[in-house]
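Asker:
Residue numbers (the working numbering): 20 to 152.
(1) Specify the secondary structure class of residue 25 as computed by DSSP and reduced to three states.
(2) Residue 105 by DSSP, collapsed to three states: which one?
(3) List, from N- to C-terminal side, the beta strand (DSSP E) runs of 3 residues or more that fit wholly inside the stretch 61-135.
(4) Taking 8 Å as the threshold (C-beta atoms), are residue 131 and residue 45 in contact?
(5) Terminal residues of the continuous alpha helix (DSSP H) containing residue 43?
(6) Drop a sphere of 10 angstroms on the beta-carbon of residue 23, count the other beta-carbons inside from all chains shown, and report buried for 16 or more, exposed for fewer.
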């Protein structure tokens, strides 16, 4: 069975380490990016099955720009917006583009349940039910 590839984009290094560890334990292949530029390089080099992207990346760009870039290359790639807070405009944009919003701090169960809605595999990503290890 092919492992699913997730790209996590966030400007907080500690969160990237945490997300990578959790998702790898669940059997996913995980790439991380700390900026929109780094995210674009990953998108250009690796076929992604899901994009988890922070809303606030740099002053010049938001997570929306990364999601739009990914969807230019992979039009059907699912995306999840991660944020500590979001304006009404941001949540409206996400709703219009069918992108769920998870508010930080994100509970592991909530993250895994959201991922499971988009990545369908038999019995979970590693052939068994997801765990909280």
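Built from N, CA and C at the ideal position, the CB exists for glycine as well.
Here the structure is a predicted model, which is why all the values come from computation and not from measurement.
Answerer: Answer, in terms of the structure:
(1) Counting from one through the chain shown, the residue named residue 25 turns up at place 6. Strand at residue 25.
(2) Residue 105 sits at position 86 when you count from the first residue of the chain shown. Three-state DSSP puts residue 105 in coil, outside helix and strand.
(3) 69-73, 98-102, 120-122
(4) Here residue 45 corresponds to residue number 26 of the chain shown, with the count starting at 1. Here residue 131 corresponds to residue number 112 of the chain shown, with the count starting at 1. Yes, the Cβ-Cβ distance between residue 45 and residue 131 is below 8 Å.
(5) Counted from its first residue, the chain shown places residue 43 at position 24. Start and end: 32-44.
(6) Indexing the chain shown from 1 puts residue 23 at position 4. Looking at its Cβ environment, which holds 16 or more other Cβ atoms inside 10 Å, residue 23 is buried.
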